[in-house]
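With the working numbering as the guide, the letters of the sequence shown map in order to residues 24 to 219.
Glycine included, each C-beta is placed from N, C-alpha and C at the ideal position.
None of the values given here were measured: they were computed from a predicted structure.
For reference, the structure discussed in these notes is given below.
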Amino acid sequence: MLFPTDLTSFLDLIRQHGDVAYSFMFAYAASHSLLLALFAGYAAHSGALGFGTLIVVCWFGSFTGDVIRFWIGRRYGARLLDRFPRFERTVQTVIRLTERHYVWMILFHRFPHGIRGLAGFAYGISRLPWSTFLALNFVAAGLWSGVVVSAGYAFGQFSETSINNASSGLGIVMLVAFLGLSWLLSRKLDQIVQRY
Numbered sequence: 024m025l026f027p028t029d030l031t032s033f034l035d036l037i038r039q040h041g042d043v044a045y046s047f048m049f050a051y052a053a054s055h056s057l058l059l060a061l062f063a064g065y066a067a068h069s070g071a072l073g074f075g076t077l078i079v080v081c082w083f084g085s086f087t088g089d090v091i092r093f094w095i096g097r098r099y100g101a102r103l104l105d106r107f108p109r110f111e112r113t114v115q116t117v118i119r120l121t122e123r124h125y126v127w128m129i130l131f132h133r134f135p136h137g138i139r140g141l142a143g144f145a146y147g148i149s150r151l152p153w154s155t156f157l158a159l160n161f162v163a164a165g166l167w168s169g170v171v172v173s174a175g176y177a178f179g180q181f182s183e184t185s186i187n188n189a190s191s192g193l194g195i196v197m198l199v200a201f202l203g204l205s206w207l208l209s210r211k212l213d214q215i216v217q218r219y
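So, in structure tokens, the structure goes:
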């Protein structure tokens, strides 16, 4: 079988290739893939991944991704904004919010969908010192990792209890509904941030 056709087969594939799955999660956490981290938490509940290992991998992936974006913003920010002006409005919004509320911005920027990828870059353009950013980013990455992976894990526990005797098709439907709801909440947070 080239690609699994049901959730159980997919979780077995993850279980068989755990090292690849952790590397994949590190890369996606670096890009702040919220939905994939939620699913990974679900996979941890099923035993396909280790819960503690997954949190650490997502924590360091998220931390590393923002450090790289901060460095790019600090070194090349103005030139890149000149080259890609469509991002300027979002970046300037994040910079304004950072100037007023840098602690809250760094702690929670991973949750709204629209600013996740550009926030680290915007922090680099701002006057925020490296030391402050590194300390807050480390804490924020751990917070994000713990919350998102735990939410996926909790959903796995809930769905197992709720559909213990149901078919795996219903489990997939519930998982897709959970991921969709998470995406909608993320978009709503993005709209709130855009009002600034």
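Residue range of the alpha helix (DSSP H) that residue i falls in?
i           : result
residue 40  : Taken as a continuous stretch (DSSP letters only), residue 40 belongs to no alpha helix (DSSP H), as it is neither H nor E.
residue 133 : Element bounds for residue 133: n/a, residue is neither H nor E.
residue 139 : 139 to 148
residue 92  : 74 to 106
residue 71  : No alpha helix (DSSP H) contains residue 71, which DSSP labels as neither H nor E.
Assuming the contact rule is C-beta atoms closer than 8 Å, residue i and residue j should be a hit. Round their C-beta distance to whole Å, please.
i           : j           : result
residue 225 : residue 100 : Nothing can be reported for residue 225, as the shown portion of the chain is limited to 24 through 219.
residue 86  : residue 161 : 6 Å
residue 49  : residue 93  : 18 Å between Cβ atoms; not a contact.
residue 141 : residue 114 : 6 Å
residue 182 : residue 81  : 21 Å between Cβ atoms; not a contact.
residue 38  : residue 71  : 4 Å
Using CA coordinates, which residue listed in the options is at the minimum distance from residue i?
i           : options               : result
residue 116 : 129, 107, 138 and 103 : 138
residue 79  : 182, 98, 35 and 164   : 164
residue 157 : 66, 129 and 175       : 129
residue 90  : 57, 38 and 52         : 52
residue 98  : 166, 143 and 207      : 143
residue 153 : 173, 111, 96 and 202  : 96
residue 202 : 47, 66 and 58         : 58
Nearest-angstrom Cα distance between residue i and residue j?
i           : j           : result
residue 188 : residue 180 : For residue 188, the predicted model reports a pLDDT of 46, less than 50, meaning its position is unreliable; a value from the coordinates is still stated below. Rounded to the nearest angstrom, the two C-alpha atoms are 14 Å apart.
residue 155 : residue 63  : 30 Å
residue 109 : residue 103 : 11 Å
residue 77  : residue 125 : 28 Å
residue 105 : residue 150 : 19 Å
residue 145 : residue 132 : 11 Å
residue 61  : residue 123 : 31 Å
residue 69  : residue 107 : 43 Å
residue 34  : residue 120 : 40 Å
residue 178 : residue 54  : 23 Å
residue 31  : residue 173 : 20 Å
residue 22  : residue 176 : Past the boundaries of the shown model lies residue 22; the chain is included only from 24 to 219, so the question cannot be answered.
residue 75  : residue 88  : 20 Å
residue 254 : residue 66  : Lying outside 24 to 219, the shown extent of the chain, residue 254 is not represented and no answer is given.
residue 36  : residue 118 : 42 Å
residue 56  : residue 207 : 14 Å
residue 159 : residue 166 : 10 Å
residue 47  : residue 40  : 11 Å
residue 127 : residue 43  : 34 Å
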